[in-house]
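Numbering follows the working numbering, with no gaps: position 50 of the sequence shown is 89.
Below is one structure, written out as structure tokens; the observations come after it.
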Amino acid sequence: MINLIVLLIVGGVLGWLASIVMRTDAQQGIFLNVVVGIVGALLAGLLISPLIGGGTITQGSFSLSSLLVSFLGAVVLLAIVNLVRRGSVR
């Protein structure tokens, strides 16, 4: 139960930071930030972690490397969403 709460909080913070980097923060609310953070971490676990090693926050790892990988996954997810929605990464 505690891990789920921590995952939601950390996912929300990572999603919020990724939305600031991708300049989509004004369009997103708290719920979407959490979703972007967690789905981005899942995406990073599938695509990025096998390439560079380490875990993600969805795997229960809360080290600096897992936070960076999860953040990178959230940024990639927002870039893909922007590309589909607007036709440009931004």
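All residues carry an ideal CB built from backbone N, CA and C; glycine is no exception.
>> Going by C-alpha to C-alpha distance, which of G79, S58, R62 sits closest to F69?
In response: One detail in the question is off: residue 69 reads as Ile in this sequence, not Phe. Taking I69 as reference, the option from G79, S58, R62 with the minimal CA-CA separation is S58.
>> Short of 6 Å in beta carbon distance, which residues of its chain neighbour A80, apart from the five on each side in sequence? Order them along the chain.
In response: Cβ within range, chain order: T95, I96, T97, S109, G112.
> For the candidate residues V52, G99, R124, S100, whose alpha-carbon lies nearest to that of V74?
Replying inline: When the alpha-carbon of V74 is set against those of V52, G99, R124, S100, the nearest one is in V52.
> Does the beta-carbon of V49 have 16 or more other beta-carbons within 10 angstroms, so that it is buried, or is it exposed?
Replying inline: Looking at its Cβ environment, which holds 16 or more other Cβ atoms inside 10 Å, V49 is buried.
> Between the C-alpha atoms of L47 and G76, what's the straight-line distance to the nearest angstrom?
Replying inline: Straight-line Cα distance between these residues: approximately 8 Å.
>> Going by DSSP in three states, G68 sits in which element: helix, strand or coil?
In response: G68: coil per DSSP, three-state reduction.
> Taking the alpha carbon of A83 as the point to measure from, which residue in I44, L117, R62 has its own alpha carbon closest?
Replying inline: Measuring from the Cα of A83, the nearest candidate turns out to be L117.
> Between which two residues does the alpha helix (DSSP H) containing R62 stretch?
Replying inline: In the DSSP annotation of this structure, R62 is not part of any alpha helix (DSSP H), being labelled neither H nor E.
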